[in-house]
Amino acid sequence: MLKALEALLDRIGTARMMAHTRMQPAIVIDARHRVGSWATMSEEMLASMNVAANDAALLQLGGAVGDRAAFGDDASAIAAHMADELGLRDPGRAWHTDRQTVVRFASALAVLSGGLGKIGQDVALMAQAGPEVLRLDGGGGLSAMPHKQNPVKAEVLVALARVTAGQVGTMTGAIVHEQERSGAAWMVEWMVLPQLAQATGRGLTLAAELIGQIETNWSSGGAKHLTKQDANRGLRRFDHRSVRFLFHELFVAAHACTAEDQRIRPVIAQRPRNGDHAF
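Everything in the sequence shown is counted per the working numbering, starting at 5 for the first residue and increasing by one.
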């Protein structure tokens, strides 16, 4: 997936696109700003997941209650040999009821899945503007409306992120392992953890496929669908009208609430009329 992001940066990094804050158009930016944030985030999340996976790769050898007493004086030697054969680390103790490494691994998977969902959500919203802004090569079609190209893979990434967010909550609850061994908590872990790993793994391959399908009509010199000058003019119009409306409504409200107050009547009488605002 990281290679797919690098390739996407090479393809469209210098193109200009509209940034959005709070779901509204903001200013024009280089595409590398958004795609670069995807790449940095994904790289860090993958690194964290690998660390958590290595930390969780521990030998579990404890005997009936986790004290290794049944192995006698050979307990340490047996554990070391088993760990070497299995490619695991020997923590020097049993961890029947200490599930922190398993939960950290599950959390890292969910965080990574959430990051992939963020990419999917961004792509889906970018595609919402239509094929003149962004096209997905091989996107989902619709027989009833052949002009549509549904961002199915992007939607799946969002769905997987939401599912794994719930699964990691269940894993966190399963950290409560009573006494020296739990039956129920282990069952919960192994009902959830494999699904969480599968969902995150599928998200990684799906994200790589989706990123490879992104095509744009953006030019390298400026966003074809909206130039920087257009964006700035739109922002000025937005600020102008918003402030005008705000002042108008404030004066109307003040008049309704305080019309009987002789002290404020002279001020209300001199309020600006529509079109008279100096903004």
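C-beta atoms are modelled at their ideal positions from N, C-alpha and C, and glycine is treated no differently. Fair warning: this is a prediction, and the values are worked out from it, not measured in the lab.
Residue span of the alpha helix (DSSP H) that contains residue i, given as start and end
i, result
"Asp34", "No alpha helix (DSSP H) contains Asp34, which is instead part of the beta strand (DSSP E) from 28 to 34."
"Leu9", "6 to 16"
"Leu210", "188 to 217"
Residue i burial status per 10 Å Cβ neighbour count (16 or more: buried)
i, result
"Met22", "buried"
"Arg241", "Caution applies to Arg241, whose pLDDT of 43 falls short of 50 and renders its modelled position unreliable; the value that the coordinates give is listed next. By the neighbour-count rule (16 or more Cβ atoms within 10 Å), Arg241 is not buried but exposed."
"Pro198", "exposed"
"Ser80", "exposed"
"Thr168", "buried"
"Ile218", "buried"
"Thr220", "buried"
"Ile31", "exposed"
"Met27", "exposed"
"Ala60", "buried"
Cα-Cα separation, residue i to residue j
i, j, result
"Ala11", "Gly124", "17 Å"
"Arg206", "Val192", "22 Å"
"Leu9", "Leu214", "10 Å"
"Asp78", "Ala189", "30 Å"
"Ala133", "Ala163", "21 Å"
"Met5", "Leu90", "29 Å"
"Arg103", "His181", "8 Å"
"Ala68", "Gly187", "13 Å"
"Leu50", "Thr204", "11 Å"
"Met86", "Ser52", "27 Å"
"Arg20", "Arg139", "16 Å"
Distance between beta carbons of residue j and residue i, contact taken as under 8 Å
i, j, result
"Ala98", "Leu200", "Not confirmed; about 24 Å, so no contact."
"His100", "Gly76", "That pair is no contact at about 19 Å."
"Leu120", "Ala43", "Not really, about 12 Å apart at Cβ, beyond 8 Å."
Delimiting residues of the beta strand (DSSP E) encompassing residue i
i, result
"Met22", "20 to 25"
"Leu63", "Per DSSP, Leu63 belongs to no beta strand (DSSP E) and is neither H nor E."
"Leu140", "138 to 140"
Residue nearest to residue i in terms of C-alpha spacing, selected from the options
i, options, result
"Thr25", "Asp14, Ala19, Arg38, Ala163", "Arg38"
"Asn54", "Arg93, Asp78, Ala112, Thr18", "Ala112"
"Gln64", "Asp94, Lys122, Ala73", "Asp94"
"Val107", "Val196, Asp141, Thr209", "Val196"
"Ile160", "Ala128, Thr174, Ala60", "Checking the displayed sequence, the identity of residue 160 turns out to be Val instead of Ile. Checking every option, the nearest Cα to that of Val160 belongs to Ala128."
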